[in-house]
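If you count by UniProt numbering, then the sequence shown holds residues 1 to 445, one letter each, in order.
Glycine included, each C-beta is placed from N, C-alpha and C at the ideal position.
For reference, the structure is listed below as structure tokens.
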Amino acid sequence: MKVLMKQPQIYHFQLTILSKRGVIMNIKKYNLALDFMKNKSQNKIVGRVGEIQSMLWHINLSTDETTQPLGDLIPVFYAEIKEGIFVRDDGSENNSINILDNSNGIIEYKPNKRLFAKPGRLKNCYFALEKTAPSNEVTLGPLDQLVERTSTQSFEIIVEKDAMQDNVELESFDPTINELKRYLEDHLGDSVAISTQALQNAEAAHERMDNLENQIDDNNLITTTLSAVWQKYKLTNDDGIAKIFPTNVTKLSDFNETGYFYVDSTAASKLTDVPLAQGFLLENRKLITGNTVEQTIRYFNPDDGEECREFSRYGTSTWRETASVLGSQIYTDNSYKKTVIWSGSSYFLDTHIFSWDSVKVRNGVLLEFSRYAPGTGVLDYGYIEYFFSKEYLVRNNNKATWLNMPGSTEAAKKTIRLTPTSVSGDATNGQAPSTSYALRAVTIF
């Protein structure tokens with residue numbers, strides 16, 4: 001075990017105690033379940049000042065309640081003794097850490113007696129998984145060599161006072177305060193009596209402080225029965241604000257923690273499966289079972305509400321945009337924009353058929369014609385357009401429609417047939433005088 005100070009100064013301790021039969025004493029056995037993602041642990045260790053090799057901790061490591069393999073990482077124990085001083089024990093000097101099952105993250109730990117040197121509460125205690133780089137024959141401290149490190153939730157160690165600490169052994173096991181006072185006055189005089197009274201006052205004050213601290217701590221703990229129907233996970237932070245999104249996530253479908261999260265533009269730029277590469281508010285919701293989440297993304301503009309957009313999906317399915325002013329406008333523009341089906345020049349015979357998707361026709365079809373000189377080609381004048389509404393396409397489905405061509409003294413015309421999904425010409429369009437005009441473009445709206 002290593003005791004580290006802020007400077008830092010490092011101390012090494014090694015201790016092995018055998019009973020009369022030569023067996024290491026580990027009478028108190030604790031089972032600890034420690035998670036790398038949860039914020040608070042209900043685990044609590046209780047010991048007493050002066051205990052030596054009395055404990056054995058059996059630890060199960062997990063990440064979000066899922067077994068955490070150790071791999072090539074080394075388990076290390078940390079505890080903050082008081083402000084400015086902490087201990088670090090990787091088990092390399094006294095074999096205090098034993099890996100029972102690497103694949104399932106199960107280890108055993110024999111705590112050092114230095115943890116039980118002083119009464120009080122050690123609240124910042126945890127295990128970490130670490131990986132160090134080779135020293136390359138350069139003398140470095142253990143913390144300077146770290147290249148990978150992650151830590152579990154904290155748990156608490158309560159060190160109770162030993163009866164022998166700062167007390168005098170009496171022949172009678174049941175002395176009163178007055179008997180103890182007379183004993184001290186008879187043996188050590190008035191000065192010790194005064195000191196004794198001061199110690200008694202200090203002990204009483206210390207006890208009151210301990211009671212107060214216990215009451216405060218106990219108010220933060222709820223029994224399992226009372227909390228059975230409580231919400232265990234926070235949907236927001238303590239102030240009701242969206243939680244911070246992790247910066248190491250590259251696929252949003254891999255992130256299944258429930259709640260509300262703010263994803264800034266930097267984190268959003270790393271995600272490969274989001275609709276837009278800009279900051280957004282994320283809402284994750286889980287069903288009754290499983291880890292698959294329903295996700296909702298909200299892109300917002302504080303200056304223009306019409307630019308706010310919302311997308312939803314379940315698991316890894318395709319994002320679906322919900323109704324919004326901007327989204328509806330974009331959808332409408334994309335769905336019903338002007339589309340040129342064909343352009344060129346054609347007599348428009350019965351073999352000439354031009355088709356389209358009826359869903360994309362909002363208003364109707366526009367046909368454009370111009371003058372044509374047989375043997376020469378199209379002429380750049382005499383243009384005319386005929387528009388046919390969507391209702392006309394349905395009402396006169398595949399019926400012959402005559403289109404008179406302007407500026408013609410020979411009564412030139414074109415015969416066409418319209419359906420909701422196509423338009424075709426006629427064989428008579430290739431006969432004079434109809435050959436003096438040609439179809440130039442087919443456009444849907």
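With a minimum length of 3 residues, the unbroken runs of beta strand (DSSP E) contained wholly in the region 262-327 fall at 280-286, 293-299, 309-314. Boundaries of the alpha helix (DSSP H) harbouring R395: 390-395, taken from the DSSP string.
In this structure, the alpha-carbon of W342 lies about 44 Å from that of T250.
Selection E65, Y437, N397 evaluated against F348 yields Y437 as nearest (Cα-Cα).
Per DSSP, F255 lies in no beta strand (DSSP E) and is assigned neither H nor E. Per the Cβ contact rule, the region 152-161 is in contact with the region 115-132 (3 or more Cβ pairs under 8 Å).
Residue pairing of M55 in beta bridges, as defined by DSSP: K28. In the three-state reduction of the DSSP assignment, G377 falls in the strand class. Three or more Cβ pairs closer than 8 Å define a contact, and the region 36-53 falls short of that threshold against the region 79-88.
Per DSSP, W356 lies in no beta strand (DSSP E) segment and is marked neither H nor E. Under the three-state reduction of DSSP, R182 is assigned to helix. R371 is a Cβ neighbour of G382, given a cutoff of 7 Å. L115 has its alpha-carbon roughly 12 Å from the corresponding atom of I85. By alpha-carbon distance to D357, the top candidate from T421, W402, T351 is T421. Where N94 is concerned, there is no enclosing beta strand (DSSP E), because DSSP gives it neither an H nor an E. A contact between stretches requires three or more CB pairs, one per stretch, nearer than 8 Å, and the region 384-400 fails this requirement with the region 309-320. In this structure, the CA atom of L367 is about 5 Å from the CA atom of Y386. By the criterion of a C-beta distance shorter than 8 Å, I74 is surrounded in its chain by D90, L129, E130, K131, T132, once the five residues flanking it on both sides are discounted.
If you look at I444, you'll find it in the beta strand (DSSP E) that goes 437-444. Close CB contacts of L403 within its chain, under the 7 Å cut and outside five residues either way in sequence, are with Y386, K413, K414, I416 (chain order).
Within the region 401-435, the runs of beta strand (DSSP E) at least 3 residues long that lie entirely inside it are, in chain order, 413-419, 422-424. Rounded to whole angstroms, the separation of the alpha carbons of A267 and P246 is 8 Å.
Going by DSSP, R88 is part of the beta strand (DSSP E) stretching over 85-89.
When rounded, the separation of the alpha-carbon atoms in G259 and T66 is 19 Å.
Assignment of E65 by DSSP, reduced to helix, strand and coil, places it in the coil class. When only Cα atoms are considered, A198 and K113 end up about 30 Å apart.
Buried is the label assigned to M405, since at least 16 other Cβ atoms lie within 10 Å of its Cβ.
Within the model, the alpha-carbon separation for L146 versus E257 is close to 29 Å. A direct Cα-to-Cα measurement between I107 and D166 gives close to 37 Å. Of the candidates A277, P374, P433, E391, A277 places its Cα closest to the Cα of F300. At a Cβ-Cβ threshold of 7 Å, Q153 and S54 do not count as neighbours.
Under the three-state reduction of DSSP output, K243 falls in the strand class. Taking E294 as the centre and dropping the five residues before and after it, the same chain places the C-beta of R285, Y314 closer than 6 Å to its C-beta, in chain order. Per DSSP, reduced to three states, the secondary structure at Q145 is coil, with no helix or strand assignment. Counting only the Cα atoms, T236 lies some 15 Å from W230. Secondary structure at S103: coil, using DSSP grouped into helix, strand and coil.
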